[in-house]
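Visitor: Residue numbers (the numbering used here), protein chains in the order written: chain V, 9 to 87; chain C, 233 to 308; chain R, -3 to 157. For every residue, glycine included, the Cβ atom is placed at its ideal position computed from N, Cα and C. My structure is below; once you've seen it, I'll send some questions.
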Amino acid sequence: MIALYVVAAIAVFAALRAIIEKNTGRKLPYANVLNFAVAGALVLLLDHPLSLVAAATYFVGSTLEANAIASTYAGGGKR
Amino acid sequence: MITALEVTFGLIALAGAVSAALIRDSYGKLVSLGILVAGVLPFIVDRGYLDVAIAVSLIAPIATIFVLLAVRREER
Amino acid sequence: MLGEILHILAAAIISWILFVTVDIFFKLPETGGVSGASAIARDIQAGGGALAGGTMMGNIVCSPDASAGTLLAACGVYVAGIPGGLAAALMVFIGNRICHDPGYAGTTGAVIATFVIYGFTLVGFAATDFVAGMVIAILSIQGLSHAHASRLLARLWRVRQ
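If you want it as structure tokens, here you go:
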């Protein structure tokens, strides 16, 4: 139970820092911490084999999103 | 779900929504939309709708990529 | 109560050592795998960090690497034991290919982490300790101070060379 509270506290901390930070390149690592925390929280909330699939799908999807934003921010190229 | 956790994840979703409305930079807006989805997803999983959660987490990045195409065309 | 907190802190240290070792062994600080990783490295360097550490942080953001492998392996061991961890390794492999990353750091990290975490569950740790510990470990790299974290990673990378 403590693990879930730790993960939720880290998630809200990372979300606030990602919003406060101005530079896009330094915003993305904070958003990445938020993605880690939410993917962990999904599995801790519901103990079911399919929640592992949900966490992995969410994590890969949000990584792809960060990858696309960073590539476009760098000035085009492979997406 | 426990009330403290509901408040925490609801705070994340609200902060994402408010910052998406207030931030002027277009990349910052997209990051805020990602934060909004991250706050909403634990509520879907807590009710047990795991298939809905999988579908949402597949659709959200695809929507972001489509918006990025428009952002890139606007910058040129 | 206190014992669980100590378990979480110990799990954080173990998973920090595990994923940093695997990432540096697979030469993540050397080049940006995609163009976005180099852009993040440039911004971190402009904020007072080191370039090699910034490149490794950019690679962690842009593609599932050993840190993602450790987190998902911990989730898999919690849900279904060793088969769950190996299924998580398969999903990390698919995620690597979706993100245009040719490396094997994520898959290797997930397989190693599965056996390490399963071994620690026999000693008295719970798999949930490792989920929270991995989130603390990634917070210490990406979320506290980019300048200090990237300098620390660059110093470790110089030792590897």
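Can you check which of these residues, R/Ser59, R/Ser63, R/Gly81 and R/Met53, is closest to R/Gly115 by C-alpha distance?
Guide: If you number the third sequence from 1, residue 115 of chain R lands on position 119. Nearest C-alpha to R/Gly115: R/Gly81.
Visitor: Against V/Ile10, what residues of chain R qualify as contacts under a CB-to-CB distance less than 8 Å, listed in chain order?
Guide: Taking the first sequence and counting its residues from 1, one reaches residue 10 of chain V at position 2. Ordered by position in chain R, the residues that pass the 8 Å Cβ test against V/Ile10 are Met(-3), Glu0, Ile1, Ile4 and Ala128.
Visitor: Since R/Val75 contacts V/Val51 with CB under 8 Å, what's their CB separation in whole angstroms?
Guide: Reading the third sequence from its first residue, position 79 is the one you call residue 75 of chain R. Reading the first sequence from its first residue, position 43 is the one you call residue 51 of chain V. Contact holds; Cβ gap of about 7 Å.
Visitor: Have a look at C/Val269, C/Gly260, C/Arg256 and C/Arg305 and flag the residue whose alpha-carbon is nearest the alpha-carbon of V/Thr32.
Guide: Residue mapping note: residue 32 of chain V aligns to position 24 of the first sequence, counting from 1. The shortest Cα separation from V/Thr32 among C/Val269, C/Gly260, C/Arg256 and C/Arg305 belongs to C/Gly260.
Visitor: Going by DSSP, what residue range makes up the alpha helix (DSSP H) through R/Ala106?
Guide: Sequence index remark: in the third sequence, residue 106 of chain R carries index 110 (1-based). Here the alpha helix (DSSP H) through R/Ala106 covers Ala101 to Val119.
Visitor: Beta-carbon of V/Ile77 versus every beta-carbon of chain C: anything under 8 Å?
Guide: Residue 77 of chain V sits at position 69 when you count from the first residue of the first sequence. Yes, V/Ile77 counts as interfacial toward chain C.
Visitor: Three-state secondary structure (DSSP) at V/Gly85?
Guide: Reading the first sequence from its first residue, position 77 is the one you call residue 85 of chain V. With a pLDDT of 47 at V/Gly85, under the threshold of 50, the modelled position of this residue cannot be trusted, and the question is left open.
Visitor: Quick check on DSSP: helix, strand or coil for R/Thr27?
Guide: Translated into positions along the third sequence, residue 27 of chain R becomes position 31. Note: R/Thr27 maps to coil in three-state DSSP.
Visitor: What would DSSP say about R/Gln157, mapped onto helix, strand or coil?
Guide: Stepping through the third sequence from its first residue, residue 157 of chain R is reached at position 161. R/Gln157: coil per DSSP, three-state reduction.
Visitor: According to the Cβ coordinates, are R/Ala101 and R/Leu(-2) closer than 8 Å?
Guide: Residue numbering aside, residue 101 of chain R sits at position 105 when the third sequence is read from its first letter. Residue numbering aside, residue -2 of chain R sits at position 2 when the third sequence is read from its first letter. Not a contact, by the Cβ cut-off of 8 Å.
Visitor: Please check if any C-beta of chain R sits within less than 8 Å of the C-beta of V/Ala82.
Guide: Within the first sequence, residue 82 of chain V is the residue found at index 74, counting from 1. It does: the Cβ of V/Ala82 has a partner Cβ on chain R nearer than 8 Å.
Visitor: Find the nearest neighbour of C/Ser264 within the set V/Ala22, V/His56, V/Ala47 and V/Leu53, judged by alpha-carbon distance.
Guide: The sequence position of residue 264 of chain C within the second sequence is 32, counting from 1. It is V/Ala22.
Visitor: Is R/Cys95 helix, strand or coil by DSSP?
Guide: Here residue 95 of chain R refers to the residue found at position 99 of the third sequence. Coil at R/Cys95, not helix or strand.
Visitor: Report the residue from R/Val16, R/Leu86 and R/Ser31 whose alpha carbon sits nearest the alpha carbon of V/Val61.
Guide: Position 53 of the first sequence, counted from the start, is the residue given in the question as residue 61 of chain V. Out of R/Val16, R/Leu86 and R/Ser31, R/Leu86 has the C-alpha closest to the C-alpha of V/Val61.
Visitor: Whole-angstrom Cβ separation of R/Ile137 and R/Ala145, contact assumed at under 8 Å?
Guide: As a first step, residue 137 of chain R must be located in the third sequence, where it is residue number 141. As a first step, residue 145 of chain R must be located in the third sequence, where it is residue number 149. So it is a contact: roughly 5 Å between Cβ atoms.
Visitor: From R/Ala150, R/Ala83, R/Arg156 and R/Ala133, pick the residue whose C-alpha is nearest to that of R/Phe15; which is it?
Guide: As a working note, residue 15 of chain R is residue 19 in the third sequence. Selected option, being the one with the closest Cα: R/Ala133.
Visitor: Just to check my reading of the structure: V/Ile75 and R/Gly32 have Cβ atoms closer than 8 Å, yes? What is that Cβ distance to the nearest angstrom?
Guide: For the purposes of this step, residue 75 of chain V is identified with residue 67 of the first sequence, where counting begins at 1. For the purposes of this step, residue 32 of chain R is identified with residue 36 of the third sequence, where counting begins at 1. As written in the sequence, residue 75 of chain V is Asn, which differs from the Ile given in the question. Indeed they touch by this definition, with Cβ atoms about 6 Å apart.
Visitor: According to the neighbour-count rule (16 or more other Cβ atoms, all chains shown, within 10 Å of its Cβ), is V/Lys35 buried or exposed?
Guide: The residue given as residue 35 of chain V occupies position 27 in the first sequence. Under this definition V/Lys35 is a buried residue.
Visitor: At what residues does the alpha helix (DSSP H) containing C/Gly271 begin and finish?
Guide: Residue mapping note: residue 271 of chain C aligns to position 39 of the second sequence, counting from 1. Its alpha helix (DSSP H) spans residues Ser258 to Asp278.
Visitor: Give the residues of chain V in contact with R/His142, contact being defined as C-beta atoms less than 7 Å apart.
Guide: Working through the third sequence from its first residue, we reach residue 142 of chain R at position 146. Simply Arg34 and Pro37.
Visitor: Here's the rule: buried if 16 or more other CB atoms are within 10 angstroms of the residue's CB, otherwise exposed. What is V/Phe44?
Guide: As a first step, residue 44 of chain V must be located in the first sequence, where it is residue number 36. Result: buried.
Visitor: What would DSSP say about R/Ala79, mapped onto helix, strand or coil?
Guide: As a first step, residue 79 of chain R is located in the third sequence; it is residue number 83 there, counting from the start. According to the sequence shown, residue 79 of chain R is Pro rather than Ala. Reduced to three states, the DSSP call for R/Pro79 is helix.
Visitor: I need the DSSP call for R/Phe22, collapsed to helix, strand or coil.
Guide: Here residue 22 of chain R refers to the residue found at position 26 when the third sequence is read from its first residue. DSSP places R/Phe22 in coil when its eight states are reduced to three.
Visitor: I need the boundaries of the alpha helix (DSSP H) containing V/Leu54, first residue and last residue.
Guide: Position 46 of the first sequence, counting from 1, holds the residue named residue 54 of chain V. Element bounds for V/Leu54: n/a, residue is neither H nor E.
Visitor: Residues of chain V with CB closer than 9 Å to the CB of C/Ile241, please, in chain order.
Guide: The residue labelled residue 241 of chain C in the question sits at position 9 within the second sequence. Contrary to the premise, residue 241 of chain C reads as Phe rather than Ile in this sequence. Result: Ala16, Ala19, Val20, Val46 and Ala49.
Visitor: So what's V/Lys35 in DSSP terms, helix, strand or just coil?
Guide: Position 27 of the first sequence, counted from the first residue, corresponds to residue 35 of chain V. Note: V/Lys35 maps to helix in three-state DSSP.
Visitor: Is there a Cβ from chain C that is less than 8 Å from the Cβ of V/Asn43?
Guide: To locate residue 43 of chain V, count along the first sequence from 1; it is residue 35. V/Asn43 counts as touching chain C.
Visitor: Can you check which of these residues, V/Thr71, V/Leu54, V/Phe67 and V/Ile28, is closest to C/Ile234 by C-alpha distance?
Guide: On the second sequence, position 2 is the one that residue 234 of chain C refers to. Closest option to C/Ile234, Cα to Cα, is V/Leu54.
Visitor: Between R/Ile20 and the rest of its own chain, which residues show a CB-CB distance below 7 Å, the 5 nearest in sequence each way excluded?
Guide: Start at 1 with the first residue of the third sequence, and residue 20 of chain R comes out as number 24. Once the five neighbours on either side are set aside, the close Cβ partners of R/Ile20 are Leu152, Trp153 and Arg156.
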